[in-house]
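These protein sequence lines are chains A and B, in that order. Position one of the first sequence corresponds to residue 297 (the numbering used here), numbered consecutively onward. Position one of the second sequence corresponds to residue 297 (the numbering used here), numbered consecutively onward. Where a beta carbon is used, it is the ideal one built from N, C-alpha and C, also for glycine. Note sheet for the following structure.
There are 2 protein chains.
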Amino acid sequence: MRIGVLGTGIVGSTIASKLCALGHEVMMGSRAAGNGTALAWAAGAGPNASEGSFAGAASFGEVVFNCTAGVHSLDALEAAGAGNLAGKVLVDVANPLDFSQGMPPRLSVCNTDSLGEQIQRAFPEARVVKALNTLNCLVMVDPARVPGEHDIFISGNDEGAKAQVCELLGSFGWPAERIVDLGDIAGARGAEMYLLLWLRLFGAVQTGDFNVKVVR
Amino acid sequence: MRIGVLGTGIVGSTIASKLCALGHEVMMGSRAAGNGTALAWAAGAGPNASEGSFAGAASFGEVVFNCTAGVHSLDALEAAGAGNLAGKVLVDVANPLDFSQGMPPRLSVCNTDSLGEQIQRAFPEARVVKALNTLNCLVMVDPARVPGEHDIFISGNDEGAKAQVCELLGSFGWPAERIVDLGDIAGARGAEMYLLLWLRLFGAVQTGDFNVKVVR
């Protein structure tokens, strides 16, 4: 499959590399084609890897991953272009973490709204699925880094899009029974607001290789 | 031990009954002594149970549980009286859930502050420990309702107070290794903001008998 990955940071490059390793054709998108980090990634990630602008990557992808910093995601997606996202599954991995006031970060949106919802409203023809944002990126693409059973969450308005994301997550190593469907895209509120607990848990366990399991 | 439990709702009565069953002397506090719900609870909960005003219960208790509705907790604690709380462990179980705008509830405080922190600031001589707010109240006092291992979180500035709360939680059935210390009282942000995820998980699993386990 052709996949666009927006964002050149550690999350974007980790997901993009995993997708390449799985045999997908992946274009990493950044503010302007020719970004040094994206070029370096593409050079190292094999023949299926390329890079381009946000618009180039969104146009290229049949599925698009938003791995930009959450506080810049709406701008990045604007640059990607509504037309290039229309009808496509848009996996929103971003967290709206605002570090501008120092540590701990605050969320730039929460409680009665979420980044996932903002994106879905701004791009109504995109099929937004919030996923993977509750994890360190290494665990996102390799759940076995955390031993035993543990869960991830998806939220989105489009059942078909969620099913397609579950398939991709399955190829990352997430079995269907470990993917908890939180319902519509407003479920992103919970998944994003969990980040403040995640940060404290990270402080408690002193490793990014952790996750939570829903026990019932 | 003498324990004051502020709040006559399902959380207050569940915790108060458990504490009675464990042999503690428990006074349930409400806005005015002689509250019908509190009287009925005290009549049914055995010889160790009594009821009184918020101030009466806070004065009575060596440890005080805040089980009032989060949006009213500061008022209730004001009525309880700073002097009656000074030096005491104050276990804050409340969630600042605001249902006034309908469902889903919003949090009346979050992101850069929390109810736990507000309480600690308003009552600097109380030794506030945020605990148990991430669970259905039946699971709070009977963790075995959810099979297997699962975790709760505590936050607070006073290590001695946290140790005392861990002992009480142990008597509820929570082994020490299943109590995750999130650090100072600002950890309450994460524990309270988790509620929006909890509500979605509740919708997904269709039972209050669930919890999360931190897997690493």
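Query: Partner residues on chain A for residue 434 of chain B, Cβ-Cβ distance less than 8 Å; Result: Simply none; closest approach about 13 Å.
Query: Any chain B beta carbon closer than 8 Å to residue 367 of chain A; Result: no
Query: The alpha helix (DSSP H) enclosing residue 458 of chain B, as first and last residue numbers; Result: 455-468
Query: Under 7 Å by beta carbon: chain B residues contacting residue 512 of chain A; Result: 442, 501, 503, 505, 506
Query: Inter-residue spacing [alpha-carbon to alpha-carbon] between residue 323 of chain B and residue 371 of chain B; Result: 19 Å
Query: Rounded straight-line distance, which links the Cα of residue 464 of chain A to that of residue 364 of chain B; Result: 44 Å
Query: Three or more C-beta pairs below 8 Å linking the region 300-319 of chain B and the region 480-490 of chain A; Result: no
Query: Inter-residue spacing [alpha-carbon to alpha-carbon] between residue 421 of chain A and residue 433 of chain B; Result: 42 Å
Query: Closer than 8 Å to chain B by CB, residue 324 of chain A; Result: no
Query: Cβ contact (3+ pairs, closer than 8 Å) linking the region 450-464 of chain B and the region 423-441 of chain B; Result: yes
Query: Coarse secondary structure for residue 432 of chain A, derived from DSSP in three states; Result: coil
Query: Same chain only: Cβ atoms within 7 Å of residue 351 of chain A, ignoring 5 sequence neighbours per side; Result: 375, 376, 377, 380
Query: 6 Å Cβ shell around residue 298 of chain A - same chain, five flanking residues per side excluded; Result: 321, 356, 357, 358
Query: For residue 348 of chain B, the residue or residues it bridges with in DSSP; Result: B:325
Query: Residue-level contact to chain A via CB, residue 407 of chain B, 8 Å cutoff; Result: yes
Query: Per-residue burial, residue 396 of chain B [other beta carbons within 10 Å of its own, 16 or more giving buried]; Result: exposed
Query: Beta-carbon proximity check, residue 349 of chain A vs residue 313 of chain A, cutoff 8 Å; Result: no
Query: Residue 489 of chain B and residue 493 of chain A closer than 8 Å at C-beta; Result: yes
Query: Chain B residues whose Cβ lies nearer than 7 Å to that of residue 509 of chain A; Result: 508, 509, 511
Query: Alpha-carbon to alpha-carbon, residue 366 of chain B and residue 441 of chain A; Result: 38 Å
Query: CB contact check: residue 446 of chain B to chain A, cutoff 8 Å; Result: yes
Query: Bridge-paired residues (DSSP) for residue 361 of chain B; Result: B:301, B:387
Query: Contact list for the region 399-423 of chain B against chain A, Cβ threshold 8 Å; Result: 400, 402, 403, 406, 407, 408
Query: Spatial distance of residue 339 of chain B from residue 310 of chain B (CA atoms); Result: 14 Å
Query: 8 Å Cβ cutoff, residue 327 of chain A in contact with chain B; Result: no
Query: Chain A within 8 Å of residue 297 of chain B, Cβ atoms only; Result: no
Query: Cut-off 7 Å between Cβ atoms - residues of its own chain near residue 506 of chain B, not counting five sequence neighbours on either side; Result: 442, 497
Query: Neighbour-count burial assignment, residue 413 of chain B, 16 or more Cβ in a 10 Å radius; Result: buried
Query: DSSP-derived helix/strand/coil call for residue 404 of chain A; Result: coil
Query: Within 8 Å of chain B by C-beta, residues of the region 465-476 of chain A in sequence order; Result: 476
Query: Inter-residue Cα distance where the pair is residue 391 of chain A and residue 315 of chain B; Result: 41 Å
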